[in-house]
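Working notes, beginning with the structure itself.
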Amino acid sequence: MGKLKDILYDISDILTAFCIVGIAGLVIWCSIGNIMDYPSIVSAAQQDKKNTNFGLAVPVGDSTTGGAVTTNGALDSETGDSEYPFSIYINYGESTASIAEKFVNIGLFDSVEQFNTLLEQKNAAASIKSGNFIIPANSTPEEVIAKITTTPSV
Numbered sequence: 372m373g374k375l376k377d378i379l380y381d382i383s384d385i386l387t388a389f390c391i392v393g394i395a396g397l398v399i400w401c402s403i404g405n406i407m408d409y410p411s412i413v414s415a416a417q418q419d420k421k422n423t424n425f426g427l428a429v430p431v432g433d434s435t436t437g438g439a440v441t442t443n444g445a446l447d448s449e450t451g452d453s454e455y456p457f458s459i460y461i462n463y464g465e466s467t468a469s470i471a472e473k474f475v476n477i478g479l480f481d482s483v484e485q486f487n488t489l490l491e492q493k494n495a496a497a498s499i500k501s502g503n504f505i506i507p508a509n510s511t512p513e514e515v516i517a518k519i520t521t522t523p524s525v
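So that you can map any letter, position 46 of the sequence shown is 417 in the working numbering, and since no number is skipped, the others follow by simple counting.
Here is the structure:
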């Protein structure tokens with residue numbers, strides 16, 4: 372009788388292992404299409420993010436204006452005069468090249484070199500603060516530098 376119990380225990384262990392392997396294989400087989408599509412999904416998401424991201428510069432404004440933001444931050448409304456400000460987040464220790472790229476992407480500076488030159492002229496490279504800055508879309512480069520070298524408003 373003891374040998375019969377041992378045989379049943381051994382067989383049940385083997386059957387359990389086969390069931391686990393079979394279920395895992397079935398799950399992989401059913402989702403192999405999604406697994407193989409993953410690289411294209413990731414690259415498409417990165418491409419979409421690249422096309423719509425201002426480099427963490429986000430147009431802000433109130434919802435009562437009734438217009439949509441165009442690519443340069445202008446409010447596309449019936450009058451066409453209004454412009455949204457931008458909310459730009461500067462991380463602690465972020466490079467001036469990265470910060471400049473954010474401003475170039477939204478159109479407040481013509482080039483990274485222009486931003487860096489103005490920083491050097493104002494001797495403000497070490498004075499850049501970290502945080503979230505609300506910058507009007509029609510700000511001059513000097514106003515932008517003055518804004519990011521003072522403590523940001525929350």
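We treat Cβ as the ideally placed atom computed from N, Cα and C, and that holds for glycine. Quantities reported herein were computed from a predicted structural model and do not represent experimental measurements.
- Here DSSP, grouped into helix, strand and coil, assigns GLY502 to strand.
- Here PHE474 carries a helix assignment [DSSP, helix/strand/coil].
- DSSP, reduced to helix, strand and coil, places SER466 outside both helices and strands of the structure shown, so it counts as coil.
- By the neighbour-count definition (other C-beta atoms within 10 Å, threshold 16), LEU386 is an exposed residue.
- Taken through DSSP and simplified to helix, strand or coil, PHE486 comes out as helix.
- For SER458, the three-state secondary structure derived from DSSP is strand.
- Considering only GLU513, LEU375 and ASN503, the residue with the shortest C-alpha distance to ASN462 is ASN503.
- Cβ contact annotation for THR521 (same chain, cutoff 8 Å, sequence separation greater than five): LYS500, in chain order.
- With fewer than 16 other Cβ atoms inside 10 Å of its own Cβ, LYS374 counts as exposed.
- Contact check for ILE506 against ILE459 passes: the beta carbons are separated by less than 8 Å.
- By the Cβ-count criterion, VAL413 is exposed, with fewer than 16 other Cβ atoms from all chains shown falling within 10 Å of its own Cβ.
- For the pair LYS376 and ASP408, the Cα-to-Cα distance works out to about 48 Å.
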